[in-house]
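Count the sequence shown with our numbering and you get residues 117 to 362, in order. Down below is the structure, laid out as structure tokens.
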Amino acid sequence: MPSADAPSGQTAYQQKELNASFFDDGRELALLHYVYSQSDAVRGSPSKVLAAIDNFGQQQKYLMNVGTEKGRIVSQLIEQTKPKVMVELGAYVGYSAVLFADAARRAGGERYYSLERDATFAAVTTAFLELAGLGSFAKVVVGGSAESIKSLFDQGKLTTIDMLFLDHYKPAYTTDLKLCEELGLIHPGTVLAADNVISPGNPPYLAYVRSTTEQKKKALIDDKAAGDDRDGFVDRTKKSVSEETG
Ligand SMILES: C[S@@+](CC[C@H](N)C(=O)[O-])C[C@H]1O[C@@H](n2cnc3c(N)ncnc32)[C@H](O)[C@@H]1O
């Protein structure tokens with residue numbers, strides 16, 4: 117999980133509790149009440165909603181948000197690449213959703229999807245997006261990421277992804293990316309931004325995104341030989357890679 121870092125001059129979040137849960141212990145609903153107690157002062161302003169979340173993290177309890185530094189890097193990437201459709205995997209309380217949906221909308225984006233497995237976290241995220249004035253631009257989808265990607269695709273709501281922000285469950289980084297490739301959602305120019313791949317690290321994901329098409333084809337064959345073919349996933353993906361490369 118990421119730590120919410122603080123650049124010099126800013127107050128750091130509370131320390132992550134080492135011997136206790138540092139999330140899902142009621143703090144997310146406490147945060148919701150804390151921010152909504154200031155709703156008149158922050159309504160319609162993404163930066164004020166984010167500042168209120170930061171205040172809670174600094175004064176009350178640690179929150180596993182993307183943090184200021186990494187948030188700034190991804191926001192700059194959004195400004196530069198101007199994704200029309202952006203998908204986030206892992207919302208938690210919606211800090212990155214408010215920050216990146218605001219950046220994407222300002223860069224001319226059309227839609228932001230935030231996929232979150234936990235229903236309470238998804239509800240908090242939805243409430244903060246509404247409060248920030250981003251409710252009609254950014255949609256939260258409750259459920260496991262793979263199921264939600266498939267469901268959005270099947271409903272025709274998701275036909276392409278211009279930027280994918282991965283910040284959920286490490287082993288799913290690679291499988292969800294492969295799923296998006298298989299569904300034809302990833303295209304030349306799609307930007308992938310993944311948190312925590314250096315520290316604590318995600319070697320399988322890095323190896324996959326850094327591999328050549330030839331290496332990917334070989335890995336698919338090896339996976340199949342090892343019996344790791346989920347419902348014909350390997351065959352279908354192999355076909356899509358072949359079509360892509362002629
Ligand atoms: C590190 S937090 C996300 C932080 C958020 N992106 C931010 O920076 O504000 C990871 C979140 O991913 C969610 N999650 C974990 N596995 C998931 C999955 N398979 N599908 C969807 N969400 C998942 C967790 O419930 C948790 O809320």
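Here a beta-carbon is modelled for each residue, glycine too, at the ideal position from N, C-alpha and C.
Secondary structure at Arg188: helix, using DSSP grouped into helix, strand and coil.
Our two residues, Tyr150 and Gly142, have alpha carbons roughly 12 Å apart in a direct line. Look at Phe281 here: in three-state DSSP terms it is strand. A distance below 7 Å separates the beta carbons of Val307 and Thr197.
Ligand 1 has no heavy atom closer than 6 Å to the beta-carbon of Leu282. If you draw a straight line from the Cα of Arg222 to the Cα of Ile169, it is about 21 Å long. Distance from the Cα of Ala235 is smallest, within the candidate group Lys132, Glu144, Gln130, Gly317, for Glu144. If only uninterrupted beta strand (DSSP E) runs of at least 3 residues are considered, those enclosed by the region 207-233 are 227-232. Residue pairing from DSSP places Val203 in a beta bridge opposite Tyr229, Leu280.
Of the residues assessed, Ala146 falls on the exposed side of the cut-off, its CB having fewer than 16 other CB atoms within 10 angstroms.
Lys255 sits in a strand when the DSSP states are folded into three classes. Segment contact: the region 165-181 against the region 201-214, three or more CB-CB distances shorter than 8 Å; contact assigned.
For Asp140, the Cβ stays outside the 6 Å cut-off from all heavy atoms of ligand 1.
Annotation for Val151: no beta strand (DSSP E) segment contains it, though the alpha helix (DSSP H) segment containing it runs 143-152.
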